[in-house]
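First comes the structure, then the notes that go with it.
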Amino acid sequence: MLLDSIRTQYDLLSKSEKKVALAVLEQPELAITENITALAKKANVSEPTVVRFCRAIGFEGWHAFKMKLAQGLALSPGADESPAPEDLAADLVNKICSRSINTLLDLRNSLDANAIEQALQVLSRASRIEFYGQGTSGIIASDAQHKFFRSGVPTVAYADPHIHSIAASLLKKGDAVVAISQRGNSIALLRSVQLARSCGADVVILAPSGTPLAELATVLIPIDLHFHTDPYTPISARLAHLVVIDILAVGLALRLSPERRKKMISAQKALQKIEMQFDSFLR
Numbered sequence: 001m002l003l004d005s006i007r008t009q010y011d012l013l014s015k016s017e018k019k020v021a022l023a024v025l026e027q028p029e030l031a032i033t034e035n036i037t038a039l040a041k042k043a044n045v046s047e048p049t050v051v052r053f054c055r056a057i058g059f060e061g062w063h064a065f066k067m068k069l070a071q072g073l074a075l076s077p078g079a080d081e082s083p084a085p086e087d088l089a090a091d092l093v094n095k096i097c098s099r100s101i102n103t104l105l106d107l108r109n110s111l112d113a114n115a116i117e118q119a120l121q122v123l124s125r126a127s128r129i130e131f132y133g134q135g136t137s138g139i140i141a142s143d144a145q146h147k148f149f150r151s152g153v154p155t156v157a158y159a160d161p162h163i164h165s166i167a168a169s170l171l172k173k174g175d176a177v178v179a180i181s182q183r184g185n186s187i188a189l190l191r192s193v194q195l196a197r198s199c200g201a202d203v204v205i206l207a208p209s210g211t212p213l214a215e216l217a218t219v220l221i222p223i224d225l226h227f228h229t230d231p232y233t234p235i236s237a238r239l240a241h242l243v244v245i246d247i248l249a250v251g252l253a254l255r256l257s258p259e260r261r262k263k264m265i266s267a268q269k270a271l272q273k274i275e276m277q278f279d280s281f282l283r
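Using full-length UniProt numbering, read the sequence shown as starting at 1 and increasing by one per residue.
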């Protein structure tokens, strides 16, 4: 949500803008129920400083910031959103959907468009793309392979650390690896990425910034979000990574040459034809 985005960007703000950030984080409801004058007074800054703060975190001005903050607080009420044994089905629907919505809003506010552009440049010129992940991230890697192979680029996904270690050692210059990690500290994944880099391959990393894995990236797409850690809904991080994969897959498809786009469309039509034949068989 927006409050998490403010925390993420806090160190980039000026001294006076940090005062506004602290005031909002301490009493976000004040920014919604009161006007800009009240917030400026609480932060002990001028009203133009409040406007500069809003622009510094990605909004056109005070009203756009206030609207987004109100939306975020409405989606994420103060009550605990952790699923509980006594929850009814309606409670679970509200909590899980709210988490997913907040994750996507937070991702949209924090995702680095420049990093996405750099990653697309790497992937669009790659002769081969390999996706590495382990555990839940391994599932995301498989999903990525399924989406990317339709673009006509040779792709493969590996979730077994021994296998992607061997695969990485066989890469060459012009190949690319997309390494996916929710924590960014897997020793096995670090080893495979190091091997890939030593062979001349480019590596796009989807992981939290400041982690050991992030330091090895040719291009880092930092995913720095506040994720719930209860065992019942480990979906927020996975959802964020899946959306980034979708962005990259669509971006790559749009950059294909006319000939490769034509082949991609033909493959899609062939798949639809098979599905229609299967439906007719079932009927």
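Built from N, CA and C at the ideal position, the CB exists for glycine as well.
Just so we're clear, the structure is a prediction, and the values are computed from it rather than from any experiment.
Looking at C-alpha atoms only, which residue of the options is the closest neighbour of residue i?
i, options, result
"LYS18", "ARG52, ALA113 and LEU123", "ARG52"
"ARG115", "LEU30, ARG183, ALA214 and ILE139", "The question names Arg, but residue 115 in the sequence shown is Ala. If we check each option's Cα against that of ALA115, ALA214 comes out closest."
"residue 288", "ALA70, LEU242 and VAL122", "With the chain represented from 1 up to 283, any question about residue 288 goes unanswered, as that position is not in the structure."
"VAL178", "ILE32, LEU25 and ALA217", "ALA217"
"CYS97", "ILE247, VAL193 and PRO83", "PRO83"
"LEU206", "ILE163, ALA144, ALA56 and LYS262", "ALA144"
"LYS66", "ARG238, ALA31 and THR136", "ALA31"
"PRO208", "ALA188, GLU130, SER110 and SER169", "SER110"
"GLY135", "LYS269, VAL20 and ALA237", "ALA237"
"GLY58", "THR37, GLN27 and LEU12", "LEU12"
"residue 296", "VAL250, ASP4, ALA64 and ASP91", "Here the chain has residues from 1 to 283 only, and residue 296 is not among them."
"ALA240", "ARG128, THR37 and GLN182", "GLN182"
"TYR10", "CYS54, PHE149 and ALA253", "CYS54"
"LEU25", "ARG128, ILE6, GLY133 and ALA270", "ILE6"
"LEU256", "SER169, ALA89, PHE149 and GLY210", "PHE149"
"ALA64", "LEU254, GLN277, ALA90 and ILE36", "ILE36"
Since residue i and residue j are thought to touch, with beta carbons under 8 Å apart, how far apart are those beta carbons, to the nearest angstrom?
i, j, result
"ILE245", "LYS147", "7 Å"
"VAL203", "ARG197", "6 Å"
"SER186", "ALA159", "That belief does not hold up - the Cβ atoms of SER186 and ALA159 are roughly 11 Å apart, past 8 Å."
"ALA201", "ASP175", "4 Å"
"LEU190", "PRO161", "With 8 Å as the limit, LEU190 and PRO161 do not qualify as a contact, their Cβ atoms being about 10 Å apart."
"VAL50", "VAL20", "5 Å"
"LEU225", "LEU69", "Rounded, the Cβ-Cβ distance is 17 Å, inconsistent with contact."
"SER151", "LEU252", "5 Å"
"SER165", "ALA188", "7 Å"
Name the DSSP bridge partner or partners of residue i?
i, result
"ILE205", "ALA179 and LEU220"
"THR8", "Note: THR8 sits in no beta bridge, so no partner."
"THR155", "ILE129"
"LYS173", "ASP175"
State the Cα-Cα distance for the pair residue i and residue j, rounded to the nearest angstrom.
i, j, result
"ALA140", "ALA40", "This sequence places Ile at residue 140; Ala is not what is there. Going by the C-alpha atoms only, they are around 44 Å apart."
"PRO154", "TRP62", "48 Å"
"LEU104", "GLY72", "11 Å"
"LYS172", "SER46", "56 Å"
"GLU259", "LEU248", "20 Å"
"ALA79", "GLY184", "Only weak support exists for where ALA79 lies, its pLDDT of 46 falling under 50; the coordinates are left without a value."
"ALA119", "VAL193", "16 Å"
"PRO77", "CYS199", "Low confidence applies here, because PRO77 scores a pLDDT of 48, under 50, leaving its location unreliable; read the following figure in that light. One C-alpha to the other measures close to 49 Å."
"GLN268", "GLU275", "11 Å"
"ALA56", "ALA167", "43 Å"
"ASP87", "ARG99", "16 Å"
"residue 284", "THR8", "The question about residue 284 has no answer here: the residues shown for the chain are numbered 1 through 283."
"PHE281", "VAL243", "35 Å"
"LYS263", "GLU130", "21 Å"
"LYS15", "LYS42", "15 Å"
"ARG125", "ALA23", "46 Å"
"GLY138", "PRO48", "48 Å"
"PRO222", "LEU195", "21 Å"
"GLN27", "THR33", "10 Å"
"GLN272", "TYR132", "29 Å"
"ALA270", "ARG128", "24 Å"
"ILE180", "ALA113", "18 Å"
"ASP279", "ILE235", "32 Å"
"ASN44", "GLY210", "33 Å"
"LYS95", "ALA89", "10 Å"
Extract the residue ranges of the beta strand (DSSP E) inside the UniProt domain "HTH rpiR-type" (1-76), only unbroken runs of 3 or more that lie entirely within it. none
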